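Going by this note's numbering, the letters in the sequence shown line up with residues 7 to 218, in that order.
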Amino acid sequence: MHHILCGLAANPALPSELVDRLIAVADDDIAWELACRADLNRTQAVALAERVEGSAVVLVLLLVAQRRDLPSGIRDRLAADPDAKVVKALAPHPGLTEARLRAMVDRHGVRVLAKVATNPDASPALLEDLVRRRPTARKVFREVARHRGATDSSLLVCLTDHQARPMAAGHPALPPPAIVELLADTDRQVAETAAANPSLPLAVLSDLVRGQ
7 MHHILCGLAA NPALPSELVD RLIAVADDDI AWELACRADL NRTQAVALAE
57 RVEGSAVVLV LLLVAQRRDL PSGIRDRLAA DPDAKVVKAL APHPGLTEAR
107 LRAMVDRHGV RVLAKVATNP DASPALLEDL VRRRPTARKV FREVARHRGA
157 TDSSLLVCLT DHQARPMAAG HPALPPPAIV ELLADTDRQV AETAAANPSL
207 PLAVLSDLVR GQ
């Protein structure tokens, strides 16, 4: 009967009320099939996370952690999960406090840095710390360079990374002198992005247009 329940858990035609019943009796195998359902709603995802918490099946928690509509209690419990993969999946979730984001970084280090940098609530101070942290993950610079909360000093660090440089060149928080300097960059993409930066001084913009 167990294998039949696993099959039912994966059946896309299973009505929502029967999904609820399977969640209530789910073991690790059934929980995994349920977690993979595209139609799993928020209430069901929360119930499933509570059902498998402490289970050896990290993949179930991983799939739940990828949701962005979790209640604060479930979200915060997953933020403290000992498995870096779960924390990495959860890191972009809105509503995480700076203290929790910093705790993730302190506990899991380079494995979660880039995902923490994508969190919409990451503070400017945290973003600065992320780009200066060693060891680092190169993707951190790209994520910070596109973050709306990035500061001028963190963006200047991002300019030192080849892949993050074009993104940082277009960020409105980049200091105007740096934007002007990037207009002469040997990388055409960087120069073009700098020219499109809304923080490019009007006087420079006018000179460039009139000089053509």
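Positions of the beta carbon are idealized from the N, C-alpha and C atoms, including for glycine.
Just so it is clear, the structure is predicted and the values come from calculations on it, not from any experiment.
*How is Q169 classed by DSSP in three states: helix, strand or coil?*
Along the sequence shown, read from residue 1 onward, the residue named residue 169 stands at position 163. If DSSP states are grouped into helix, strand and coil, Q169 belongs with coil.
Identify, in the order they occur along the chain, each residue of the same chain with its Cβ nearer than 6 Å to the Cβ of H114, setting aside the five sequence neighbours on each side.
The residue given as residue 114 occupies position 108 in the sequence shown. Excluding positions up to five away in sequence, the list reads A90 and V93.
query: Taking Cβ positions, are Q72 and L96 nearer each other than 9 Å?
result: Residue numbering aside, residue 72 sits at position 66 when the sequence shown is read from its first letter. Residue numbering aside, residue 96 sits at position 90 when the sequence shown is read from its first letter. Cβ atoms of Q72 and L96: closer than 9 Å.
Checklist entry - Should D34 and V58 be called a contact, given that it needs their Cβ atoms to be closer than 9 Å? => result Residue mapping note: residue 34 aligns to position 28 of the sequence shown, counting from 1. Residue mapping note: residue 58 aligns to position 52 of the sequence shown, counting from 1. A contact, by the Cβ cut-off of 9 Å.
inquiry  = Given this structure, state the Cα-to-Cα distance separating N17 from L46, to the nearest angstrom.
reply    = Taking the first residue of the sequence shown as 1, we reach residue 17 at position 11. Taking the first residue of the sequence shown as 1, we reach residue 46 at position 40. If I take the Cα positions, the gap works out to 12 Å.
Q) Would L214 pass as a contact of A197 if the rule is Cβ separation under 9 Å? A) Residue numbering aside, residue 214 sits at position 208 when the sequence shown is read from its first letter. Residue numbering aside, residue 197 sits at position 191 when the sequence shown is read from its first letter. Against a cut-off of 9 Å, the Cβ pair of A197 and L214 comes out as no contact.
Query raised in the report: Looking at L54 and V70, is the spacing between their C-beta atoms short of 9 Å?
Result: By one-based count along the sequence shown, residue 70 stands at place 64. By one-based count along the sequence shown, residue 54 stands at place 48. Yes, the Cβ-Cβ distance between V70 and L54 is below 9 Å.
_Residue range of the alpha helix (DSSP H) that includes S22_ = Here residue 22 corresponds to residue number 16 of the sequence shown, with the count starting at 1. Here the alpha helix (DSSP H) through S22 covers S22 to V31.
| said: Starting from S205, trace the alpha helix (DSSP H) in both directions and tell me its first and last residue. | reply: Start at 1 with the first residue of the sequence shown, and residue 205 comes out as number 199. Careful: S205 lies outside any alpha helix (DSSP H) and carries neither H nor E.
Note to self: Please state the DSSP three-state secondary structure of R108.
What the structure shows: Within the sequence shown, residue 108 is the residue found at index 102, counting from 1. Three-state result, R108: helix.
query = According to the Cβ coordinates, are T124 and E104 closer than 9 Å?
reply = As a first step, residue 124 must be located in the sequence shown, where it is residue number 118. As a first step, residue 104 must be located in the sequence shown, where it is residue number 98. Contact flag unset, no.
Practice prompt. Quick one: which unbroken alpha helix (DSSP H) runs of 4-plus residues sit fully inside the region 113-172? Chain order, please.
Written response: 119-123, 130-138, 145-151 and 158-164
(message) Output needed for M110: all residues of its chain with C-beta closer than 7 Å, excluding positions within five of it in sequence on either side, in chain order.
(response) Here the question's residue 110 lines up with position 104 in the sequence shown. Cβ within range, chain order: A85, V93, A97, V118 and V122.
Notebook entry, point to check: Assuming S227 contacts V146 under a Cβ cut-off of 8 Å, what Cβ separation, rounded to an integer in Å, is found between them?
Noted result: Since the first residue shown for the chain is 7 and the last is 218, residue 227 is missing from the structure and cannot be characterised.
Check your understanding: What is the C-beta distance between I36 and C12, in whole angstroms, given that I count them as a contact (C-beta under 8 Å)?
Key -> Counted from its first residue, the sequence shown places residue 36 at position 30. Counted from its first residue, the sequence shown places residue 12 at position 6. That pair is a contact at about 6 Å.
Query raised in the report: G79 by DSSP, collapsed to three states: which one?
Result: For the purposes of this step, residue 79 is taken as the residue at position 73 of the sequence shown. Three-state DSSP puts G79 in a helix.
message: Here's the rule I'm using: 16 or more other beta-carbon atoms within 10 Å means buried, otherwise exposed. How should S195 be labelled?
response: The residue labelled residue 195 in the question sits at position 189 within the sequence shown. Just to set this straight, residue 195 is Gln in the shown sequence, not Ser. That one is exposed.
My understanding is that M173 touches R152, with C-beta atoms under 8 Å, so please give their C-beta distance in whole angstroms.
Residue mapping note: residue 173 aligns to position 167 of the sequence shown, counting from 1. Residue mapping note: residue 152 aligns to position 146 of the sequence shown, counting from 1. 5 Å between Cβ atoms; contact.
Exercise. Work out the CA separation of L102 and R81 for me, nearest whole Å.
Key: To locate residue 81, count along the sequence shown from 1; it is residue 75. To locate residue 102, count along the sequence shown from 1; it is residue 96. Roughly 8 Å between the two C-alpha positions.
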